[in-house]
Structures are given as structure tokens and as C-alpha cells.
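Here is the structure we will look at.
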Amino acid sequence: MPKDSRDLPPVEELLTTAVKELGGAERPGQVTMAQAVRDAVESEEHLAVQAGTGTGKSLAYLVPAIRHAAQTDSAVVVSTATIALQRQLVDRDLPRLADALEDLLPHRPEFAILKGRRNYLCRHKMAAGMPDDEEDQLFDPREVSATGRMVQRIQEWASETETGDRDELVPGVNDQAWRQFSVHAKECLGAQRCPSGAECFAELARERAGQADVVVTNHALLAIDAMEDFPVLPEHDVVVVDEAHELVDRVTSVVTDELSEATVGVAVRRVGRLIEQGLADRLQEAGEDLAALLAAAPPGRVDDLPQSLGLTLALVRDAAFACITALGPRNKDKDDPENAGLRKATFTALDEVHDTAQRMLDAFGADSEADRAEVVWLDEGRGRIPPTLRVAPLSVGGMLRDKLFGDRTVVLTSATLALGGSFDGMARQWGLSGDDWTGLDVGSPFDHPRSGILYVAKHLPQPGRDGLPEEYLTEITELIEAAGGRTLGLFSSMRAAKAATEALRERIDVPLLCQGDDSTSQLVKQFAADPATCLFGTLSLWQGVDVPGESLTLVIIDRIPFPRPDDPLASARQRHVAATGGNGFMAVAATHAALLLAQGAGRLLRSMNDRGVVAVLDPRLVTARYAGFLLNSLPPFWRTTDPGKVREALRRLTADA
Numbered sequence: 001m002p003k004d005s006r007d008l009p010p011v012e013e014l015l016t017t018a019v020k021e022l023g024g025a026e027r028p029g030q031v032t033m034a035q036a037v038r039d040a041v042e043s044e045e046h047l048a049v050q051a052g053t054g055t056g057k058s059l060a061y062l063v064p065a066i067r068h069a070a071q072t073d074s075a076v077v078v079s080t081a082t083i084a085l086q087r088q089l090v091d092r093d094l095p096r097l098a099d100a101l102e103d104l105l106p107h108r109p110e111f112a113i114l115k116g117r118r119n120y121l122c123r124h125k126m127a128a129g130m131p132d133d134e135e136d137q138l139f140d141p142r143e144v145s146a147t148g149r150m151v152q153r154i155q156e157w158a159s160e161t162e163t164g165d166r167d168e169l170v171p172g173v174n175d176q177a178w179r180q181f182s183v184h185a186k187e188c189l190g191a192q193r194c195p196s197g198a199e200c201f202a203e204l205a206r207e208r209a210g211q212a213d214v215v216v217t218n219h220a221l222l223a224i225d226a227m228e229d230f231p232v233l234p235e236h237d238v239v240v241v242d243e244a245h246e247l248v249d250r251v252t253s254v255v256t257d258e259l260s261e262a263t264v265g266v267a268v269r270r271v272g273r274l275i276e277q278g279l280a281d282r283l284q285e286a287g288e289d290l291a292a293l294l295a296a297a298p299p300g301r302v303d304d305l306p307q308s309l310g311l312t313l314a315l316v317r318d319a320a321f322a323c324i325t326a327l328g329p330r331n332k333d334k335d336d337p338e339n340a341g342l343r344k345a346t347f348t349a350l351d352e353v354h355d356t357a358q359r360m361l362d363a364f365g366a367d368s369e370a371d372r373a374e375v376v377w378l379d380e381g382r383g384r385i386p387p388t389l390r391v392a393p394l395s396v397g398g399m400l401r402d403k404l405f406g407d408r409t410v411v412l413t414s415a416t417l418a419l420g421g422s423f424d425g426m427a428r429q430w431g432l433s434g435d436d437w438t439g440l441d442v443g444s445p446f447d448h449p450r451s452g453i454l455y456v457a458k459h460l461p462q463p464g465r466d467g468l469p470e471e472y473l474t475e476i477t478e479l480i481e482a483a484g485g486r487t488l489g490l491f492s493s494m495r496a497a498k499a500a501t502e503a504l505r506e507r508i509d510v511p512l513l514c515q516g517d518d519s520t521s522q523l524v525k526q527f528a529a530d531p532a533t534c535l536f537g538t539l540s541l542w543q544g545v546d547v548p549g550e551s552l553t554l555v556i557i558d559r560i561p562f563p564r565p566d567d568p569l570a571s572a573r574q575r576h577v578a579a580t581g582g583n584g585f586m587a588v589a590a591t592h593a594a595l596l597l598a599q600g601a602g603r604l605l606r607s608m609n610d611r612g613v614v615a616v617l618d619p620r621l622v623t624a625r626y627a628g629f630l631l632n633s634l635p636p637f638w639r640t641t642d643p644g645k646v647r648e649a650l651r652r653l654t655a656d657a
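Position 347 of the sequence shown, counted from 1, bears residue number 347 in the UniProt record's numbering, the numbering being contiguous throughout.
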């Protein structure tokens, strides 16, 4: 064991030891990536690394990250987009890596997982009975209902859990039940003022993270830490962003605000017991006016502020401000924890209503489209969800540049970053420019031209808006029959996936599952267990399926996954890019499509022995002017437009399986 951090082995030696101890095989791309991460950290230069499936990128960034943490006695933050990867890192990769490297480092590497406060059970809320978020949400634990049983299960689990982490409650519970036992950061009293502060699960998780060499978190919490005035994550100077292709969307979600009858209603119910009834009634009436206005308005982007909407937003804002003023000083009940918790939650709800209404009013009035900074749109109501007005920034690049990349070194990695053969598109979305970053593609250990075929059905008509044409259904049938099942169908919408499922179940003799028939994880297990089975679905399957082996030989993509023309955020961003002199279609729509296409095509080869076909039914992939950009974003499969060759190749693969 080295006596101190100055005596650390080089990254290459640590990686070799780790791969050997974990029973793997060292790959050139993995070594190249590990060296590049080390160099980026040492030179304090941002790095984007595209590492194809099978490269072993987790080890390639974890080894230099752990070495840096040991050398500097500081934490490295690893951020992921999905719970699955967080769990893989914390439950499998990091424990095994710590065991492998322990004898080569000054101490055994420590690691911790840290999530947003809402993910942890709040002992104070559980004990004090703070206000619920919904009007009719008072549940008796003995109540014979699904949510009532979940509430009872949470209460039983609360006496046993050591972490209070929602993800460790299996089976899971719905949001409605969990909200009764959790608070978000703005509602929290703080460890010093809270009666349960000494045993707070969220604070204990932060304490563990503060002692760790590697802290695993998610993109949303990373964004909150970067943008808030108070630190959420431990002090750190290096961040690794895995699944970096998801970063912009996750950050956008964090900084998107919404206003509806429901959000105003929460504020009304919370403030009603604390101030004069007339002021609470005034806010409720403003919320009802908003609800009536939104119910009558067409859904979609709001480019210009109608007078009626402007007046209603101002009414909501002013009524919320009057309630805030009537509550008095924010620390009024600092010595009364129960009332302090209620007041903190009330201020939070009122602040959100007031600030969101003002933000929406501020989104209008720019001198030109190029000067517009935010977009407002209306989502129509569905079921119990009322019509909701939302506001989001047209770009988060500036925020990321100033807040995330400003004073730390960031390594961004994914299997899909070089779109159209270049990192520039993703770099622009992240706010990176100039010479302060480097892009590196370390390739993939897979021999794509020998292992896979990219087939584009050039002979088919262009897809329309009226569902799947008969020619598409015939093509899908023939491909599945040639493959003997073994098919993952990726569709651009749930409607298309369900229509294809309904039509194909009458035409093919193999089992056909459709997303929504069961939980997605259960459907993927069924699909993987039976090679004859097919699975159809939409967005989450494009990126969330890892099925190596003979169960997946054919990936069918029904059309190029451009954002919907009526997608308010994508269309606004596209128009804004065009107004500032760029190519809006290529920067937004084509980039979005390239990213999803690459992710979808990446479902085919998941191990060194996999073989198969990616079939894209949309002929525009080879005929449109933007086809080259999209094709250059895909793995380098052998390409063909000949349906006969593809069916014959699938029959051979099926016979050899």
C-alpha cells in the first residue's frame, strides 16, 4: 500500500489491476478513455467522450476518478440519468472496484449515493402531520384502498429502514402516498431547526457523501447543486456526467415551472389556516379564474400574451403576494417546530405560485424572436390532471456554462455524443465553445460491419400522419417471420406501437408484447426469456433495453424520430435558432432524431457475440437532404436497401441460433 498520495500507481496500472480482479478483458478504447480522463482532470480541461457499448466506460472513468480523489483528498461526483445506472455503480461496480484497488491506494475507496431530498423519508413530516398536497388526500392507514395500503406499508417500513431511501422500498409506492412522508428542499426546516434534524435521512445521506471519494448522484440534483445559492453536493472539483446525452433534457425539466388550478389549490389549502380567510379566498378565486381560462384555451405554445391571460396571471401573482405579506416574517415561529414546518411549506407553495406567474409574464415582451429567452405553453388536462401552463428556457447552455462548467472540470460520456460525426451539436447544447473542451471517440469493441446490417426500406412510401400504412405492416410481418420473432419494435408514438401490435397479432404466430401490457421491466424480462417473443413500444424502450444474446436479432424502427411538429418546446427552440442565424431544423429536430436513432440502433449489439439487423422503415433515411447527418450518427453497420438480402440474412441467423 502506498504511504501517501504522492506514491500512487499510474492510471494504466490501476486499470489493469481492476480489470484483472473483476475478471474482464482490457480493451484499447477503455485504456484510451482512462488516459484521456486523467489528462483532462490534470489539465482542468472539459472532455466529451463517446464510448460505444462494450467499451467498459464505467471503469474507464471510475479508475482515474478514484485516483484523483485519493491524490487530492477530495470527492469526485458521478452523475447519471437513470436509477438503473446509479444502482449498478453503487451496488456492483464501485464495491468490486474498491476491493480490487484497496491494496494500491492509501485507503479503501469510499463511495455514496445522494439523491434529492424528496427521495428520502422525512421523519418530521411523518411525526408532525404536515399538510398534504391534494385536497382529498387524507388517508386512514386502515383504509382498504391501494394508496391506503401503501401508506401503511411506508409507516411499517419507516421503523426498519436505515436509509429512508424510497428506492429501497420494494415493491414501490405511488407518488400520492409518498408525498405524505417527504418534503422537497424548499420546504425543509433545516437540520438545525428541525426536531428530527439529528436523525434526518437526507442529512445522513449528505454526511455519508461528505466522507466519500466518489459520490453518485443524478442529473437533476447536479443541476440543482450548480444553480442554487446553497450547496447540495459535497465540495468537489471534478464531475463525471455519464449518460450525458440526457443532460440537457434533465436540466430543462429542473428549471421548468408550471401553474394550474392544482398548484394554486395547494397554496390556498396551506395558507387557509394561517391568515385572514378573505385573503385566502382571493387567491382561490384567482385560481378558479385561471382554471376557467385554461380550460377554454387551445393547448400548445403561447407566442403572444393574450390580455385575458395577462390579467389573470397578474391576479394570481398579486393574490399570492398578499398572502405572503399577511403571513409576516418567515422565521416567526422558529422556536415552534410544528408551526415552523407548516409555515415553511406554506411559504414554499405561495412563492412557487407568485414567482411562476411573474416568470410567465416576463417571458413576453421581447423586441424580437432572437431576444426571446423563454417559452410558455399550455398542456391540456388529462384525467385528474387539470390544464397546466408551463414555462421553460429556450436554452440551458448558458446556465450550464456559467454554473456547472465554470469552476470545475467536467467529463461527459455516453455511447452517443458525436452526432453527424461531430461533437459540436452536443457541445453547443451544453454551452461549451472555444478551446476549453476536447472531444474524443474511443470507438467500440464490436465489429459493426460484420456483426450488424442497417437496412433502410427505401421502397416504402414516406410515413404519414394517419397511422401505419398497409405497406409498413406487410414489411414488419415479413421481417419478423424471417427472424423467427426475436424482434424489438421501436415506434415513434404509443398509438403507432399499439396499432402495430393489434394488426400484427392477427398476422404472426409468435408471442407479441406491447408496452403498457405490464411494467416495462417485466415485459423486457419476458422478451429476453423467450427468443420467439417480440416486444413493441415507444420512448423508454429506445434507450432502456439491454438484451444480449439470441432473444434480440432484429430492431425495427418505424420512422425517423423527429420531435412532433406541435411539440411546444422543440418548435420554439427551432424557431429561436433560426431567428439567431442558425439552422433551426438541423440544430433541434435533426439533432433530436439523430440522438434517438443512435440510441435505438444501439439496442442491437449488446455483447461480442451478438448479430442482427436494424431495419428502418422510413425511406427518408437515405433519400432526404439530411440523410447523411443521420447516417453518420449511427454505428457503422453494413448498409443495404434490398429487402430480399435482409430477409435471407435473418433466416440464416435464425437457423444458426
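Glycine included, C-beta positions come from ideal geometry on N, C-alpha and C.
Note: Asp379 is bridge-paired with Thr388 in the DSSP secondary-structure output. Proximity to Asp303 across Glu506, Ser492, Arg575 peaks at Arg575, based on C-alpha coordinates. Leu419 has its alpha-carbon roughly 22 Å from the corresponding atom of Asp546. By the CB criterion at 9 Å, Gln50 and Asp466 fall outside the cutoff. A direct Cα-Cα distance of roughly 20 Å separates Asp642 from Leu597. Counting every other CB atom within 10 Å of its CB across the protein chains shown gives Asp558 a total of 16 or more, marking it as buried. In this structure, the alpha-carbon of Ser414 lies about 22 Å from that of Arg96. Distance from Val614 to Val646 at the Cβ level is roughly 10 Å; contact not present, criterion being Cβ atoms closer than 8 Å. Val183 counts as buried, since at least 16 other C-beta atoms from the protein chains shown sit within 10 angstroms of its C-beta. Between Leu315 and Gln30, the alpha-carbon positions lie close to 58 Å from each other. In the DSSP secondary-structure assignment, Asp441 is bridged to Gln50. A direct Cα-Cα distance of roughly 59 Å separates Ala34 from Ile275.
Ranked by how close their Cα comes to the Cα of Pro565, the residues Glu550, Asp362, Ala593, Thr538 have Ala593 in first place. With respect to Val76, Val232 sits apart: the two C-beta atoms are not nearer than 9 Å.
Excluding the 5 residues flanking it on each side, Ser308 has same chain C-beta neighbours closer than 8 Å at Leu293, in chain order. Exposure of Asp281 is indicated by the presence of fewer than 16 other C-beta atoms within 10 angstroms of its C-beta.
Counted as a single uninterrupted DSSP element, the beta strand (DSSP E) harbouring Val555 occupies residues 554–557. Rounded to the nearest angstrom, the gap between the Cα atoms of Arg108 and Gly365 is 57 Å.
Beta bridge pairing from DSSP links Thr487 with Leu554. Note: Val78 is bridge-paired with Val216, Val240 in the DSSP secondary-structure output. Going by C-alpha positions, Leu94 is about 22 Å away from Asn119.
Ranked by Cα distance from Ser79, the first of Ser58, Asp656, Leu541, Asp99 is Ser58.
Here Arg123 is near Glu199, since their CB atoms are less than 9 Å apart.
Scanning its chain for C-beta atoms nearer than 7 Å, with the 5 sequence neighbours on each side dropped, one finds around Lys498 the residues Cys514, in chain order. In the structure shown, Val613 adopts extended strand secondary structure according to DSSP, grouped into three states. In this structure, Val353 and Val264 form a Cβ contact; the two beta carbons are roughly 6 Å apart against a cut-off of 8 Å. DSSP, reduced to helix, strand and coil, places Arg450 within a helical segment of the structure shown. Assignment of Gly300 by DSSP, reduced to helix, strand and coil, places it in the strand class.
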